[in-house]
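J.: Input: one structure, supplied below.
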Amino acid sequence: MLEDKTDGHLDKVKEFAEKAGKLDDLEKRLNYLGDYAQQETRCLLYKDFAPMSFYFQMQTKNEETDEWQNWFNGGLIWHGSHDGFGSGAAPTFSVCLESTDGWSIHT
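Under this note's numbering, think of the first position of the sequence shown as 166, with each following residue one higher.
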């Protein structure tokens, strides 16, 4: 399950993605995080410092205590001409193995 903790940033990014013709790409990545591992997990989504990007925290439920526990975290990062298509350049400082124009999940 995906929990939006972005205070409206998610809606702004979806609007941007729709205008850029990349809404399907964004929704594919969000669905992947929301359904991660096909088990009881939750993904807390926050605004990231990188433009049109998110920080996420993946959690699993402890079967003994029924409490959520941190599992891992990462970023759902927007890449394009503004960051050298994932070259590691500012403003994202995130590297992709291939030139990327759209969102990429980084852990």
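A virtual CB, placed ideally from N, CA and C, is assigned to each residue, including glycine.
Tell me the DSSP bridge mates of R194?
T.: Translated into positions along the sequence shown, residue 194 becomes position 29. Paired residues: none, contrary to the question.
J.: What is the DSSP secondary structure of D213, counted as helix, strand or coil?
T.: Position 48 of the sequence shown holds residue 213. Coil, per DSSP.
J.: Ordered along the chain, which non-local residues of its own chain (more than five positions away) have a Cβ less than 8 Å from that of E168?
T.: In the sequence shown, counting from the first residue as 1, residue 168 sits at position 3. Cβ neighbours of E168 beyond the five flanking positions: R207, C208, L209, L210.
J.: Ignore the nearest five residues each way along the sequence and tell me which others in Y201's own chain have a CB closer than 8 Å to its CB.
T.: Along the sequence shown, one-based indexing puts residue 201 at 36. So the qualifying residues of the chain are C208, M223.
J.: Taking the alpha-carbon positions, what's the H244 to F214 distance?
T.: Within the sequence shown, the letter at position 79 stands for residue 244. Within the sequence shown, the letter at position 49 stands for residue 214. Their Cα atoms are separated by approximately 13 Å.
J.: Can you tell which of T272, M166, G267 has the C-alpha that lies nearest to the C-alpha of M217?
T.: As a position in the sequence shown, residue 217 is number 52, starting the count at 1. Comparing Cα positions, the closest option is G267.
J.: Look at L191 and K177 and say whether their C-beta atoms are less than 8 Å apart.
T.: Your numbering for residue 191 matches position 26 in the sequence shown. Your numbering for residue 177 matches position 12 in the sequence shown. Not in contact: L191 and K177 (Cβ atoms no closer than 8 Å).
J.: Going by the CB atoms, is the gap between F219 and T257 shorter than 8 Å?
T.: In the sequence shown, residue 257 corresponds to position 92, counting from 1. In the sequence shown, residue 219 corresponds to position 54, counting from 1. No; because the gap between Cβ atoms is not below 8 Å, this pair is not in contact.
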